[in-house]
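Inspection log for the structure reproduced underneath, given as structure tokens.
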Amino acid sequence: MRNRRLPVFLLGAGSACLLAGCALMERGDAFQPSENTALVGADGSLEWASVEDLEGGDYSQEEMADFAREKIGEYNASAGAANQAESQGEESLPVSFVSAEIEEGRAVLITAYDSPSRLVEFAEYIGDYTVPFTEFSVLPAKEAGEELSGVSLENAEGKPGEALSGGGWLIRVQGQGVIHTEDKVSLISAGCSLQDAHTVLTSQEGVSYIITE
Numbered sequence: 074m075r076n077r078r079l080p081v082f083l084l085g086a087g088s089a090c091l092l093a094g095c096a097l098m099e100r101g102d103a104f105q106p107s108e109n110t111a112l113v114g115a116d117g118s119l120e121w122a123s124v125e126d127l128e129g130g131d132y133s134q135e136e137m138a139d140f141a142r143e144k145i146g147e148y149n150a151s152a153g154a155a156n157q158a159e160s161q162g163e164e165s166l167p168v169s170f171v172s173a174e175i176e177e178g179r180a181v182l183i184t185a186y187d188s189p190s191r192l193v194e195f196a197e198y199i200g201d202y203t204v205p206f207t208e209f210s211v212l213p214a215k216e217a218g219e220e221l222s223g224v225s226l227e228n229a230e231g232k233p234g235e236a237l238s239g240g241g242w243l244i245r246v247q248g249q250g251v252i253h254t255e256d257k258v259s260l261i262s263a264g265c266s267l268q269d270a271h272t273v274l275t276s277q278e279g280v281s282y283i284i285t286e
């Protein structure tokens, strides 16, 4: 009998993540996260990358993709949109299927969202606790206003810094997880850990802030 085991990120169980590349992050140096990662584009868009070692599972890539599309379509319909997983023309969907791959026993799923908060809503809808965030927002840093009043920020060298009124994005989350930004990270709040110029591990407690260049 075949082991008809779906990847656990489609069944609401934990997973590790190792991604060879992402449609959102098409820079010259391919980004390779080692765990579940939120991907914030230069335009403020959001994708979520998940991957799991199947450990002998025998679920085909096509079956995984079909199941993901089904769940995404069901959620979109519940949110008042079309019961589909991929946009037609310029139509925007709450959640969109980007890609699904199984290669050398590793399953990779990438999904995109019409707003950052939708990531949390969709994870709750399908019971996916691989998403560690309970809140997620992205807004122009210049519109932060009083949001950053009293927040301690530091730059890549660990020195205190202040948010500027120019460009860049302010990413605000609750929950500890990895966030990779297409633009370089300029400032992070206390408790966050800068892993490289584009990647941050957010704080385990409280609200985390990331400001991009």
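Mind the numbering: the sequence shown is residues 74 to 286 in my numbering, read in order. Don't be surprised by glycine CBs; every beta carbon is placed ideally from N, CA and C.
>> List, from N- to C-terminal side, the beta strand (DSSP E) runs of 3 residues or more that fit wholly inside the segment 234-262.
In response: 242-247, 251-254 and 258-262
> If you compare alpha carbons, which of Q277, I284 and R179 is closest to V224?
Replying inline: I284
> Applying the criterion that 16 or more other CB atoms from any shown protein chain within 10 Å of the CB defines a buried residue, is A150 buried or exposed?
Replying inline: exposed
>> If you measure between the beta carbons of V258 and V181, is that distance less than 9 Å?
In response: no
>> Pairs of beta-carbons, one from the segment 253-267 and one from the segment 192-202, closer than 8 Å: are there three or more?
In response: no
>> Please list the terminal residues of the continuous beta strand (DSSP E) segment that includes P213.
In response: E208 to P213
>> Here's a check: name, in chain order, each residue in its chain whose Cβ is nearer than 7 Å to the Cβ of E99, leaving out the five neighbours to either side.
In response: Residue confidence for E99 is low, a pLDDT of 45 falling below 50, so the modelled location carries little weight and cannot support an answer.
>> So, under 8 Å CB-CB, W121 and V211 are touching, yes? Tell me the CB distance rounded to an integer number of Å.
In response: With 8 Å as the limit, W121 and V211 do not qualify as a contact, their Cβ atoms being about 13 Å apart.
> Taking the alpha carbon of E235 as the point to measure from, which residue in V251, G218 and G248 has its own alpha carbon closest?
Replying inline: G218
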